[in-house]
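**Q**
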Amino acid sequence: MVTLTINGLKVRVEEGMTILEAARFVGFPIPTLCHNDGLSPYGACRLCVVEIGQEPKSKLVSSCTYPVEEGLTVRTASQRVLKARGMIIELLLASCPQSKTIQDLASAHGVHQQRFKQEYEDCILCGLCVRTCSEQMMAHAIGFRGRGENRSIGTPFDISSDVCRLCGGCMYICPACQLRCTYNQPQHAICNACANLRPPCIEKEGYNNLMCYMEPCVACEIK
Amino acid sequence: MDYLRSREDFTALQKRLYSDYNADIPTIIIPAGTCGQASGASDLVRTAQREIIKRKLQGKIHLRITGCHGFCEMEPSVLIEPAGTFYPRVDITGMKRIIDALVRAEVVEDLLFVDEETGQKITRQDDIPFYRHQSRLLLSQNEKIDPLDVYDYLRVSGYSAFVRLLTDMEPRQVIKEVKDSGLRGRGGAGFPTGLKWEFLSDAADGKGKYIVCNADEGDPGAYMDRSLLEGNPHSIVEGMLIGAYATGADQGVMYVRTEYPLAIKHLNNALKQSRALGLLGRNILGTGFSFDISLVKGAGAFVCGEETALMRSIEGKMGEPRQRPPFPVQKGIHGKPTLINNVETWANIPVVLKNSVQEYTKIGRMNTGTKIFSLVGKIKNTGLVEVPMGTPISKIIYDIGGGQSGKAGIKAVQTGGPSGGCIPEKMFDIPISYESLAQAGSIMGSGGMIVMDENTCMIDVAKYFMNFLKDESCGKCFPCRKGTQRMFELLDDIASGRGTLDHLKTLEELALVLKDVTMCGLGQTAPNPVLSTLKYFRDEYLEHIEHKRCPAGVCKGLISFTINDLCTGCGACVKACPEQAITGEKKQRHVIDQDRCSRCGACRSICKFEAIEIH
Ligand SMILES: Cc1cc2nc3c(=O)[nH]c(=O)nc-3n(C[C@H](O)[C@H](O)[C@H](O)COP(=O)(O)O)c2cc1C
Ligand code: FES
Numbered sequence: 001m002v003t004l005t006i007n008g009l010k011v012r013v014e015e016g017m018t019i020l021e022a023a024r025f026v027g028f029p030i031p032t033l034c035h036n037d038g039l040s041p042y043g044a045c046r047l048c049v050v051e052i053g054q055e056p057k058s059k060l061v062s063s064c065t066y067p068v069e070e071g072l073t074v075r076t077a078s079q080r081v082l083k084a085r086g087m088i089i090e091l092l093l094a095s096c097p098q099s100k101t102i103q104d105l106a107s108a109h110g111v112h113q114q115r116f117k118q119e120y121e122d123c124i125l126c127g128l129c130v131r132t133c134s135e136q137m138m139a140h141a142i143g144f145r146g147r148g149e150n151r152s153i154g155t156p157f158d159i160s161s162d163v164c165r166l167c168g169g170c171m172y173i174c175p176a177c178q179l180r181c182t183y184n185q186p187q188h189a190i191c192n193a194c195a196n197l198r199p200p201c202i203e204k205e206g207y208n209n210l211m212c213y214m215e216p217c218v219a220c221e222i223k
Numbered sequence: 224m225d226y227l228r229s230r231e232d233f234t235a236l237q238k239r240l241y242s243d244y245n246a247d248i249p250t251i252i253i254p255a256g257t258c259g260q261a262s263g264a265s266d267l268v269r270t271a272q273r274e275i276i277k278r279k280l281q282g283k284i285h286l287r288i289t290g291c292h293g294f295c296e297m298e299p300s301v302l303i304e305p306a307g308t309f310y311p312r313v314d315i316t317g318m319k320r321i322i323d324a325l326v327r328a329e330v331v332e333d334l335l336f337v338d339e340e341t342g343q344k345i346t347r348q349d350d351i352p353f354y355r356h357q358s359r360l361l362l363s364q365n366e367k368i369d370p371l372d373v374y375d376y377l378r379v380s381g382y383s384a385f386v387r388l389l390t391d392m393e394p395r396q397v398i399k400e401v402k403d404s405g406l407r408g409r410g411g412a413g414f415p416t417g418l419k420w421e422f423l424s425d426a427a428d429g430k431g432k433y434i435v436c437n438a439d440e441g442d443p444g445a446y447m448d449r450s451l452l453e454g455n456p457h458s459i460v461e462g463m464l465i466g467a468y469a470t471g472a473d474q475g476v477m478y479v480r481t482e483y484p485l486a487i488k489h490l491n492n493a494l495k496q497s498r499a500l501g502l503l504g505r506n507i508l509g510t511g512f513s514f515d516i517s518l519v520k521g522a523g524a525f526v527c528g529e530e531t532a533l534m535r536s537i538e539g540k541m542g543e544p545r546q547r548p549p550f551p552v553q554k555g556i557h558g559k560p561t562l563i564n565n566v567e568t569w570a571n572i573p574v575v576l577k578n579s580v581q582e583y584t585k586i587g588r589m590n591t592g593t594k595i596f597s598l599v600g601k602i603k604n605t606g607l608v609e610v611p612m613g614t615p616i617s618k619i620i621y622d623i624g625g626g627q628s629g630k631a632g633i634k635a636v637q638t639g640g641p642s643g644g645c646i647p648e649k650m651f652d653i654p655i656s657y658e659s660l661a662q663a664g665s666i667m668g669s670g671g672m673i674v675m676d677e678n679t680c681m682i683d684v685a686k687y688f689m690n691f692l693k694d695e696s697c698g699k700c701f702p703c704r705k706g707t708q709r710m711f712e713l714l715d716d717i718a719s720g721r722g723t724l725d726h727l728k729t730l731e732e733l734a735l736v737l738k739d740v741t742m743c744g745l746g747q748t749a750p751n752p753v754l755s756t757l758k759y760f761r762d763e764y765l766e767h768i769e770h771k772r773c774p775a776g777v778c779k780g781l782i783s784f785t786i787n788d789l790c791t792g793c794g795a796c797v798k799a800c801p802e803q804a805i806t807g808e809k810k811q812r813h814v815i816d817q818d819r820c821s822r823c824g825a826c827r828s829i830c831k832f833e834a835i836e837i838h
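Chains as they are written, first to last, in my numbering: chain A, 1 to 223; chain B, 224 to 838.
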C-alpha cells in the first residue's frame, strides 16, 4: 500500500495504481478523453493533468499514466490545473466542435470562448480506436500514420485491411465521431444546449426540439 | 590488423606507433567533413594526391584528410603541419602552389589568412583570432587524425584511457571519477552524467543493459555532433566502452540520422576497425569484459532525439515519445535498463578520464569542461567554436565570430535550437552555463547559436521555429500538435497585419499552458521561441499589431518596395523580378507595380545603387 495526499486528503491505495485511479477511487473527479479503463494508458489528450509536488517545484503530469508514489502530494483542481484544462478544451473545441463529448466537457468546465480559427475535424487522434483494435480485438487493423499536422489514423496505405473484422469497436469507442452534436449555429463552436438542459431531454417532448439527431438521445447520460 | 589479446599487446602497439611516426615530415591537412566537401575539399584532396604522386613526393610529404576543424567560413582550407600554417579558401591552383612552396619549405604569402580588422597577414592557425580565443579540447583532435584510420587515433593516445580503466580501476571508481568531473549532458537538459551512469549501474543486475549514443542532431543550424562523428568516431566508441565498463552494460547502440551519410560511413568503419583490433567484442584484451556496438539509422525526425521516442525508434516502432516515468534507466529498449547520452558527452569521456579529473575540473567556470557551439547566421566567422563553460556570449560573437557579417548591427542570438530562446544584444555579457541561459529564457540545448542582426524580424523568427515545430511534433500529444499549429497561426496573423492585442494575449496564454501540460520535451520547450521574443522584443510585436509595420522590413504582408531617384534605369531589377512587376524606360527611373509585387526582395538584392527601398 502507498500513502499519498490528494487535495489535502491522506489516502492509502494499492501500489501500481495510477493517480487517476487513486483519485477516482476516493471520489475526486478528473476529466479524461483518451483514457479508458479497459485499455492501456496513453497520455495524449492531457486533459487529466494534475499538479504534483510542492510549490514552487510542483509540476503538471498526466494522472492517467503517472503511478502513485509514497508521500506524493496531488492537487486535482488547482488554479494551474484548471487553467491548463480550460485551454485544452478550448483547443479541442476549435478543432472538433461537433463532438458531443467535447461540448459536454466545455460546459462542465465553464469554457465559454473559443479564440482560434475554427476547424471542423473528425478526429482528435486520442487513439482509443487504435488501442481497442489492437488490445481488445487483437486485430491491429488500424494505426497511426504521419506526424505533426499530418498525423492520421487508418489502415496501411488506406487499403481495406484483411485483418479487420468489421466489429465496429473503433466507432463505438470514438469520442468524436460517434456522439455527433449538431447545433443551430455552426459558426459558434460552443452550443452547450443539451448539457445545460434541466431536466434532461428525455423528459422533453421529443429530441427533435433539441436540434439533436442522436437516436437514442445521449444527453441524459451527461453527468 | 593485429588482434590485441592483452594490455601488453596494446601498449606494444601504441609504442610502435609512437616510434614509427615522424612528426617532422611536413603534412598537408585537408578538412573534408561534409562542410568541407560541400565547399570543394574533395577537389583539393584529388589535386594534392595527384601532385604528390606526380612529383614523387611520397614519404617526403604526407597528406591527411580529416574531419571539420571548425572554421567552416574559410573552407576549403589547408593546414600544414608541423609549421601550423593555415591557408583559407584554397582553390586547385592554390593547392598546387602550396605544394610547390612546401617542397622548398616556404610559405605562399598571398594565400595566407588576412585579418580584416588589422589588415595583417597571419601565418599560423593558432594566431588567428577565431582559433586563438577558443579552447579546443575536443575539436583540436580532429586535425590530428584521419577518421578512417584507427592507428591515427591510437597514436594520439586514443583508447589509452579505456585500457587503463579496464585493467586498473573498479567500475564504481570510474563512475565516481565521472561524477567528480562535474560533466553534464551536452544533449540538452544538462543532466549530470555520472549520476545517470550510477542509476544504470544500480539498475537490476544481470545481463541486458543498453547504452545509447544519441546522434540524432535535429536542431536546424546545429552540426557539432556531426563533426565529431565524422572527424573523430573512435573517441565516441572509446567513450561508450568506458561507459559500458562503468555501468555493466553489454550492448551499445549508436542512433544516427540517415542525413549524415559520411558520419555513418566513418562510424561503421570505426566499429569494424576496433572489432578487428579486439577493442570491441567478446573478452576485450583478455579481461573477460564484453561489449559491442551496433548502429541504427534514424529517419531524421526531430522528435526522435527525445529519449523515449529514440528508444521506440530503435525498437523499430514509430518514433513517438511516451510519458515518463518509467524513465529509460528503469525501462528502456525492449524493457531493459537503458542509458542515453549525447555524442558530445561521450566524446568528452575519454578526455575527462585521460588525465586526472582534477585537471578537467579546472576547465570552465560555473560548469566544468568545454562546449562546442555551431555559430551561424549573420556573423562573419561561421563555424564550430569550442569554449570553456562560463565564457561570455559576447566573446563568442565578437572575439571569435568577428561580429556582424553585413552592415546591420547584431540584435540577438538564438541558442538551443527550436527549444531555445532569443537573447538580446544587451545581455551578451552573461556567461554561458546551463543555469544562466535558462535564467535568460533560453537553454544550452545541444549548442546551436544563430546570430541575428537588425534585418531580422523577431516575429518572423518565432514563426520560423513554430513552423518547424508544428511539422516536427509527433502529433501524439494533443496540446503539442494543436498548440504549435495555433501558435503558428497567431504569429502568421500578426506577421501579415491581421493581428490584434487579443492575439497577443491568447498567444501568451497558450504558450504558458503548453509549457505546462505537454508530454515530452518538445512540447514543453516549444513555446520558448515565442516567450523569449515576447519578453525581450514585445515592442516589435506591438509595432506589427498597432502600426502594422515590420521594423526589420521582413514580414511580407506589411512591407512594400518602391524605387527612389537613385535608380539609373539599368534594368537589372526588371530581369530579376519573377513577377514582371517592374517597368520603366532604359536610363529612366523604374516603377514597381504594387499589385503584382510578391515582395520577394529579388530586386533589392540585385540593385547596385541602393535604389530599392522597403517601407
Ligand atoms: C524534442 C527533443 C529533441 C532532442 N534532440 C536531441 C538530439 O538531437 N540530440 C541529443 O543528443 N539530444 C537530444 N535531445 C535530448 C535527449 O532527450 C536527451 O536528453 C539527451 O540525449 C541526453 O544526453 P545527455 O545527458 O548526454 O545530454 C532532445 C530532446 C527533445 C525533447
Ligand atoms: S486521459 Fe490522461 S492524457 Fe488523456
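We put the CB at the ideal spot given by N, CA and C, even for glycine.
1) On the premise that valine 386/B lies in contact with leucine 286/B, defined as a C-beta separation below 8 Å, what is that separation, rounded to the nearest angstrom?
2) Under a three-way DSSP split, which group does glutamate 766/B fall into?
3) Excluding five sequence neighbours on each side, which residues of the same chain lie with their C-beta closer than 7 Å to the C-beta of arginine 75/A?
4) How would you list, in chain order, the residues of chain A whose beta-carbon sits under 9 Å from the beta-carbon of serine 696/B?
5) If you measure from the CB of isoleucine 33/A, is any heavy atom of ligand 2 nearer than 6 Å?
6) For arginine 24/A, report the span of its beta strand (DSSP E) as first-last.
7) Using Cβ-Cβ distances below 7 Å, what residues of the segment 404 to 438 of chain B are close to chain A?
8) Where does histidine 838/B land, buried or exposed, given buried means 16+ other C-beta within 10 angstroms?
9) Which residue wins for smallest C-alpha separation from arginine 664/B, given the options Ile673/B, Thr638/B and Val435/B?
10) Under 6 Å from any heavy atom of ligand 2, does the C-beta of glycine 43/A make it?
11) Name the DSSP bridge partner or partners of phenylalanine 309/B?
12) Return the residues of the segment 88 to 101 of chain A that lie within a Cβ-Cβ distance of less than 8 Å from chain B, sorted by chain order.
13) Pull up the distance between the alpha-carbon of valine 599/B and that of valine 575/B, whole angstroms please.
14) Please go through the same chain and pick out, in chain order, the residues whose beta-carbon is closer than 8 Å to the beta-carbon of phenylalanine 414/B, but skip the five residues on each side of it.
15) The segment 112 to 129 of chain A: which residues have C-beta closer than 8 Å to a C-beta of chain B, in chain order?
16) So, is valine 130/A buried or exposed, given that buried needs 16 or more other C-beta atoms within 10 angstroms?
17) How big is the Cα-Cα spacing for proline 200/A and serine 107/A?
18) Are lysine 601/B and valine 674/B touching if we call contact CB-CB under 7 Å?
19) Cβ of valine 2/A less than 7 Å from any chain B Cβ?
20) Going along the chain, which residues of its own chain have a beta-carbon closer than 6 Å to the beta-carbon of phenylalanine 336/B, five neighbours each way excluded?
21) The segment 22 to 48 of chain A: which residues have C-beta closer than 9 Å to a C-beta of chain B, in chain order?
22) Report the rounded CA-to-CA distance for glutamate 836/B versus glycine 720/B, giving the unit in angstroms.
23) Using a Cβ-Cβ cut-off of 7 Å, state whether leucine 60/A counts as contacting chain B.
24) For valine 476/B, tell me which candidate among Ser517/B, Gln817/B and Ser669/B has the shortest Cα-Cα distance.
25) Go ahead and pull the three-state DSSP assignment for isoleucine 368/B.
26) Considering only residues of the same chain and omitting the five flanking positions on each side of glutamate 833/B, which have a CB-CB separation below 8 Å?
27) How about glycine 606/B and glycine 640/B: are their beta carbons less than 7 Å apart?
28) Go through its chain and collect everything with a Cβ distance to glycine 53/A's Cβ below 7 Å, but skip five positions before and after it.
29) Is the separation between the beta-carbon of valine 68/A and that of valine 11/A shorter than 7 Å?
30) Can you tell me which of the three DSSP states aspartate 676/B falls into?
31) Closer than 6 Å to a non-hydrogen atom of ligand 1 - does that hold for the CB of leucine 576/B?
32) So, is the C-beta of threonine 18/A closer than 7 Å to a C-beta in chain B?
33) Taking 8 Å as the cut-off, does the segment 701 to 712 of chain B touch the segment 653 to 662 of chain B (at least 3 CB pairs, one atom from each stretch)?
34) Any idea if leucine 9/A is buried or exposed, counting beta-carbon neighbours within 10 angstroms, 16 or more meaning buried?
35) Report buried or exposed for lysine 559/B, applying the criterion of at least 16 other Cβ atoms within 10 angstroms of its Cβ.
36) Can alanine 412/B be considered in contact with ligand 1, in the sense that its beta carbon sits closer than 6 Å to one or more heavy atoms?
**A** Reading it off the structure:
1) Contact annotation, leucine 286/B with valine 386/B: C-beta distance approximately 30 Å; criterion of less than 8 Å not satisfied.
2) In the structure shown, glutamate 766/B sits in a helix (DSSP, three-state: H, G or I).
3) Leaving aside the five residues that flank arginine 75/A on each side, the residues in its chain whose CB is nearer than 7 Å to its CB run, in chain order, Asn7, Val50, Glu51 and Val81.
4) What serine 696/B touches in chain A: Arg147, Gly148, Glu149 and Arg151.
5) The amino acid at residue 33/A is misidentified as isoleucine; the sequence shows leucine. Flag set: Cβ of leucine 33/A near ligand 2.
6) If you look at arginine 24/A, you'll find it isn't in any beta strand (DSSP E); it sits in the alpha helix (DSSP H) that goes 19 to 26.
7) So nothing in the stretch comes that close.
8) Histidine 838/B should be labelled exposed.
9) The sequence given here has glycine at residue 664/B, not arginine. Answer by Cα proximity: Thr638/B.
10) Yes, Cβ of glycine 43/A sits closer than 6 Å to a heavy atom of ligand 2.
11) Secondary-structure assignment with DSSP links phenylalanine 309/B through a beta bridge to Leu302/B.
12) Listed in sequence order: Ile88, Leu91, Leu92, Ala94 and Ser95.
13) Spanning the two alpha carbons is a distance of roughly 28 Å.
14) Around phenylalanine 414/B, the same chain offers Arg407 and Gly408 as residues with beta carbons nearer than 8 Å, after the five sequence neighbours per side are excluded.
15) If the cut-off is 8 Å between Cβ atoms, the segment 112 to 129 of chain A has Arg115, Phe116, Lys117, Ile124, Leu125, Cys126 and Gly127 near chain B.
16) Buried, since its Cβ has 16 or more Cβ neighbours within 10 Å.
17) Confidence in proline 200/A is poor, its pLDDT being 41 and thus under 50, which makes the residue's placement unreliable; the coordinate value appears in the next sentence. Each residue's Cα considered, the two are about 14 Å apart.
18) Judged by their CB atoms, lysine 601/B and valine 674/B are nearer to each other than the 7 Å cut-off.
19) Taking Cβ atoms only, chain B never reaches closer than 7 Å to valine 2/A, which makes this a no.
20) Once the five neighbours on either side are set aside, the close Cβ partners of phenylalanine 336/B are Phe309, Pro311, Ile345 and Ile351.
21) Cβ contacts with chain B come from Leu33, Cys34, Pro41, Tyr42, Gly43, Ala44, Cys45, Arg46 and Leu47.
22) In this model, glutamate 836/B and glycine 720/B are separated by some 20 Å (Cα to Cα).
23) Interface criterion met: the Cβ of leucine 60/A is under 7 Å from a Cβ in chain B.
24) That would be Ser517/B, whose Cα lies nearest to the Cα of valine 476/B.
25) Shown here, isoleucine 368/B sits in coil according to DSSP, grouped into three states, outside any helix or strand.
26) So the list reads Leu789, once near-sequence residues are dropped.
27) Glycine 640/B is positioned such that its CB atom lies no closer than 7 Å to that of glycine 606/B.
28) For glycine 53/A, same chain residues with a beta-carbon under 7 Å away, outside a window of 5 residues either side, are Lys59 and Thr73 in chain order.
29) 7 Å or more divides the Cβ of valine 68/A from the Cβ of valine 11/A.
30) Strand.
31) Outside the cutoff, so no.
32) Not closer than 7 Å to any Cβ of chain B, the Cβ of threonine 18/A fails to qualify, so no.
33) Two segments are said to touch when three or more pairs of C-beta atoms, one from each, lie closer than 8 Å; by this definition the segment 653 to 662 of chain B does not touch the segment 701 to 712 of chain B.
34) Its Cβ having fewer than 16 others within 10 Å, leucine 9/A is exposed.
35) Lysine 559/B comes out buried.
36) Checking every heavy atom of ligand 1 against the Cβ of alanine 412/B, one is found closer than 6 Å.
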